[in-house]
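Trainee:
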Amino acid sequence: MSNLVQIAYLISSILFIIGIKFLGKTKDARKGNVISAVGMLLAIAATLVNLDLATFPEMLAAMLLGGAIGLYYAKKVEMTQIPEMVALFNGFGGMASLGVALSDHFLKTQVQAVEIDTVNSVSIIASVLIGGVTFTGSVVAWLKLNGKMSGQPITFKGQHALNLLLLLSFVVIAVFTHLYQADHVYITLLVGISLLVGILIVIPIGGADMPVVISLLNSYSGMAACATGFILNNNVLIVAGSLVGASGIILTQIMCKAMNRSLMNVLLGGFGQTTAAGPQDGPQIVIKEVGVEEAAMLFDSASSVIVVPGYGMAVAQAQHVIRELMEQCEKRNIDFRFAIHPVAGRMPGHMNVLLAEANISYDKLIEMEAINDDFQNTDIVFVVGANDVVNPAARTNPASPIYGMPILNADKARTVIVSKRSMGKGYAGIENELFGYPNCLMLFGDAKQTITKVVGEMKEMS
Amino acid sequence: MDTSSLIILIYVLVLASYLGFELITKVPPTLHTPLMSGSNAISGITIVGALIATSELGFTTLSKWMGLLALVLATINVVGGYAVTDRMLKMFKKK
Numbered sequence: 004m005s006n007l008v009q010i011a012y013l014i015s016s017i018l019f020i021i022g023i024k025f026l027g028k029t030k031d032a033r034k035g036n037v038i039s040a041v042g043m044l045l046a047i048a049a050t051l052v053n054l055d056l057a058t059f060p061e062m063l064a065a066m067l068l069g070g071a072i073g074l075y076y077a078k079k080v081e082m083t084q085i086p087e088m089v090a091l092f093n094g095f096g097g098m099a100s101l102g103v104a105l106s107d108h109f110l111k112t113q114v115q116a117v118e119i120d121t122v123n124s125v126s127i128i129a130s131v132l133i134g135g136v137t138f139t140g141s142v143v144a145w146l147k148l149n150g151k152m153s154g155q156p157i158t159f160k161g162q163h164a165l166n167l168l169l170l171l172s173f174v175v176i177a178v179f180t181h182l183y184q185a186d187h188v189y190i191t192l193l194v195g196i197s198l199l200v201g202i203l204i205v206i207p208i209g210g211a212d213m214p215v216v217i218s219l220l221n222s223y224s225g226m227a228a229c230a231t232g233f234i235l236n237n238n239v240l241i242v243a244g245s246l247v248g249a250s251g252i253i254l255t256q257i258m259c260k261a262m263n264r265s266l267m268n269v270l271l272g273g274f275g276q277t278t279a280a281g282p283q284d285g286p287q288i289v290i291k292e293v294g295v296e297e298a299a300m301l302f303d304s305a306s307s308v309i310v311v312p313g314y315g316m317a318v319a320q321a322q323h324v325i326r327e328l329m330e331q332c333e334k335r336n337i338d339f340r341f342a343i344h345p346v347a348g349r350m351p352g353h354m355n356v357l358l359a360e361a362n363i364s365y366d367k368l369i370e371m372e373a374i375n376d377d378f379q380n381t382d383i384v385f386v387v388g389a390n391d392v393v394n395p396a397a398r399t400n401p402a403s404p405i406y407g408m409p410i411l412n413a414d415k416a417r418t419v420i421v422s423k424r425s426m427g428k429g430y431a432g433i434e435n436e437l438f439g440y441p442n443c444l445m446l447f448g449d450a451k452q453t454i455t456k457v458v459g460e461m462k463e464m465s
Numbered sequence: 008m009d010t011s012s013l014i015i016l017i018y019v020l021v022l023a024s025y026l027g028f029e030l031i032t033k034v035p036p037t038l039h040t041p042l043m044s045g046s047n048a049i050s051g052i053t054i055v056g057a058l059i060a061t062s063e064l065g066f067t068t069l070s071k072w073m074g075l076l077a078l079v080l081a082t083i084n085v086v087g088g089y090a091v092t093d094r095m096l097k098m099f100k101k102k
């Protein structure tokens with residue numbers, strides 16, 4: 004590899020780092036993304052310059068095909084579907100690393116007929132394992148997120164024992180792969196086990212834990228790229244891969260902390276299945292309903308409102324009418340803000356993107372720690388499509404599965420209005436005792452339709 | 008691979024990971040979704056490996072076809088990842 008190419012890779016690495024640095028500030032974030040893209044372009048250009056381009060037409064065709072698919076998906080995807088897209092793309096990243104690892108293995112064993120040294124062998128095998136797990140794990144996460152597969156955890160007897168057995172056999176077969184390199188049956192088995200393990204580790208994880216899973220798979224896709232860097236002795240792959248790996252791990256930790264669960268607890272899965280305890284031993288919840296007109300009057304006479312959005316808001320596509328509600332309130336000089344729980348939505352930061360799409364200024368979106376003390380001085384908290392993140396059982400009921408999870412103190416407000424389709428349970432399948440509180444009013448119906456009516460009433464008042 | 012080049016690669020891995028932790032802890036929660044899709048695009052760096060894997064010789068070996076598959080997928084990641092991140096970040100406005 005020429006020095007010039009190495010220098011280009013170095014500059015690419017720096018551009019990735021600066022790009023991520025810029026992502027830390029909302030006003031510079033878009034610039035950061037462009038800087039990172041330039042880094043990628045430079046890395047691709049430098050690689051091409053250095054290569055024997057005998058197969059350039061095929062390469063170009065592959066890149067045009069991939070580019071067209073990527074661009075089409077990026078333009079078409081709805082903001083509610085971003086978690087699915089990220090999940091699927093994590094999988095593509097994993098599969099690409101697996102492909103490169105296999106390609107290198109076959110090149111050395113079949114074409115060049117050279118011995119693969121231990122370091123290289125370990126790198127190839129690591130890349131196969133991480134890449135394969137990332138691919139099928141991401142595909143399962145994608146299927147769960149887009150509803151093609153039930154969000155319910157799938158568990159069976161001996162699941163963990165099976166996983167352990169598979170990993171042990173992976174190690175044994177990995178040794179054979181290195182010892183008998185020309186025999187492709189071993190590497191094929193490794194690929195098969197990796198793909199199977201990916202499926203097995205994601206199926207027991209419930210839909211509500213998907214933010215953790217996507218973050219973790221994001222990290223894996225970076226680690227897979229890293230392993231590929233070790234195969235090819237290439238620094239830019241290692242730098243970029245470890246940045247992504249670190250990013251995914253940090254997001255995973257944030258998500259786990261926000262749910263008061265350990266990563267192990269999430270991965271072992273089955274959460275939300277044991278919901279028998281709870282309402283039966285407590286008093287029957289008596290709820291109070293509120294109509295559209297009355298809700299409009301309550302908003303009209305309030306001086307401060309905090310909206311707590313959840314995934315239900317996204318499903319009902321209610322974010323745009325909430326902006327109209329905000330405009331009506333701001334016309335009346337009502338302080339109007341949003342409280343964002345870290346695990347609201349299906350991936351980290353999902354609510355912020357949805358509200359940004361509805362043209363709501365990002366300085367209106369307040370994080371949990373910053374807003375939690377303000378609820379007690381707030382006239383109305385409007386909960387739209389959120390459930391578990393405002394369930395006071397997390398503070399009060401040690402028997403609840405979500406006990407200890409940090410929640411938004413919505414119940415402390417003078418009045419809580421909950422927009423909800425019906426009296427169903429939250430995504431985690433747990434009863435919410437907030438709905439029975441004396442200061443809580445239920446506004447039943449499709450969020451988009453009811454809020455549109457509330458806004459209509461408010462327009463008539465003014 | 009000889010030991011000295013392996014050690015250099017490990018150096019790079021450790022330092023870049025540490026830098027990654029430092030940088031990403033500072034990204035505000037508002038930007039976590041674009042951060043994730045943006046880092047998704049960065050993980051498409053495997054495209055470099057895929058390009059190397061598809062160069063030279065003709066498409067007669069399994070090795071080549073694996074490289075080509077990787078190239079298509081990595082390009083989807085890179086192009087789709089950056090495009091969707093840009094689309095999202097364009098919407099973040101302060102009024």
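Going line by line, the protein sequences match chains A and B.
Take the first sequence: its letters are residues 4 to 465, numbered as in my numbering.
Take the second sequence: its letters are residues 8 to 102, numbered as in my numbering.
Every residue, glycine too, gets a C-beta built ideally from N, C-alpha and C.
As the structure is a computational prediction, the values presented were derived from the model and not from experiment.
In angstroms, rounded to a whole number, what distance separates the CA positions of Leu-18 of chain A and Leu-45 of chain A?
Mentor: 10 Å
Trainee: Beta-carbon of Ser-46 of chain B versus every beta-carbon of chain A: anything under 8 Å?
Mentor: yes
Trainee: Might you give, ordered along the chain, the residues of its own chain that have their beta carbon closer than 7 Å to the beta carbon of Thr-82 of chain B, omitting 5 neighbours on each side?
Mentor: Ile-54
Trainee: Let me make sure I understand the geometry here. Which of A:Ser-465, A:Val-324 and A:Ala-402 has the alpha-carbon closest to that of Lys-456 of chain A?
Mentor: Checking every option, the nearest Cα to that of Lys-456 of chain A belongs to A:Val-324.
Trainee: If you reduce the DSSP assignment to three classes, tell me which class Leu-411 of chain A lands in.
Mentor: Three-state result, Leu-411 of chain A: coil.
Trainee: Give the straight-line distance between the Cα atoms of Leu-328 of chain A and Met-316 of chain A, rounded to the nearest whole angstrom.
Mentor: 14 Å
Trainee: Tell me the DSSP secondary structure of Phe-385 of chain A in three-state form.
Mentor: strand
Trainee: Find out if the Cβ-Cβ distance for the pair Val-194 of chain A, Gly-140 of chain A is shorter than 8 Å.
Mentor: no
Trainee: For the pair the stretch 363-376 of chain A and the stretch 335-351 of chain A, tell me if three or more CB-CB distances fall below 8 Å.
Mentor: yes
Trainee: Is Asn-221 of chain A close to chain B? Criterion is C-beta to C-beta, closer than 8 Å.
Mentor: Closer than 8 Å to some Cβ of chain B, the Cβ of Asn-221 of chain A qualifies, so yes.
Trainee: Within the chosen definition, does the stretch 198-212 of chain A reach the stretch 74-87 of chain A through at least 3 CB pairs nearer than 8 Å?
Mentor: no
Trainee: Excluding the five sequence neighbours on either side, which residues of its own chain have a C-beta within less than 8 Å of the C-beta of Phe-66 of chain B, listed in chain order?
Mentor: Trp-72 and Leu-75
Trainee: Under 8 Å, CB to CB, which of the residues in the stretch 47-70 of chain B have a partner in chain A?
Mentor: Asn-47, Ala-48, Ile-49, Ser-50, Gly-51, Ile-52, Thr-53, Ile-54, Val-55, Gly-56, Ala-57, Leu-58, Ile-59, Ala-60, Thr-61, Ser-62, Glu-63, Leu-64, Gly-65, Phe-66, Thr-68, Leu-69 and Ser-70
Trainee: To the nearest angstrom, how far is the alpha carbon of Leu-271 of chain A from that of Asn-238 of chain A?
Mentor: 35 Å
Trainee: Can you tell me where the beta strand (DSSP E) holding Glu-370 of chain A begins and where it ends?
Mentor: 368-370
Trainee: Reducing DSSP to helix, strand and coil, say where Ser-15 of chain A ends up.
Mentor: DSSP places Ser-15 of chain A in helix when its eight states are reduced to three.
Trainee: Counting Cβ pairs, one atom from each stretch, are 3 or more of them under 8 Å apart for the stretch 297-307 of chain A and the stretch 378-388 of chain A?
Mentor: The stretch 297-307 of chain A vs the stretch 378-388 of chain A: in contact.
Trainee: For Leu-91 of chain A, collect the residues of the same chain with a Cβ closer than 6 Å to its Cβ; drop the 5 residues on either side in sequence, then sort them by chain order.
Mentor: Trp-145
Trainee: Would you mind sorting Tyr-183 of chain A into buried or exposed? The rule is 16 or more other CB atoms within 10 Å of its CB.
Mentor: exposed
Trainee: Check whether the Cβ of Met-350 of chain A lies closer than 8 Å to any Cβ atom in chain B.
Mentor: Yes, Met-350 of chain A lies at the interface with chain B (some Cβ there is under 8 Å from its Cβ).
Trainee: By Cβ distance, which residues of its chain are closer than 7 Å to Phe-447 of chain A, with the 5 residues on each side in sequence left out?
Mentor: Here the set comprises Glu-292, Lys-423 and Ser-425.
Trainee: In this structure, does DSSP put Thr-92 of chain B in helix, strand or coil?
Mentor: helix
Trainee: Which same chain residues, not among the five before or five after Thr-61 of chain B, have their C-beta less than 7 Å away from its C-beta?
Mentor: Within the same chain, Cβ atoms closer than 7 Å to the Cβ of Thr-61 of chain B are found at Lys-71, Gly-74, Leu-75 and Leu-78, the five residues on either side in sequence being excluded.
Trainee: Against Ser-100 of chain A, what residues of chain B qualify as contacts under a CB-to-CB distance less than 8 Å, listed in chain order?
Mentor: Within chain B, the residues near Ser-100 of chain A are Thr-53, Gly-56 and Ala-77.
Trainee: Excluding the 5 residues flanking Ala-228 of chain A on each side, which residues of the same chain have their C-beta closer than 6 Å to its C-beta?
Mentor: Ser-100, Leu-240 and Gly-244
Trainee: Apart from the five residues just before and just after Asn-221 of chain A, which ones in its own chain have a Cβ nearer than 6 Å to its Cβ?
Mentor: Asn-93 and Gly-251
Trainee: So, is Gly-401 of chain A buried or exposed, given that buried needs 16 or more other C-beta atoms within 10 angstroms?
Mentor: First, the residue type needs correcting, since residue 401 of chain A is Pro and not Gly in the sequence shown. It is exposed - the Cβ of Pro-401 of chain A has fewer than 16 other Cβ atoms within 10 Å.
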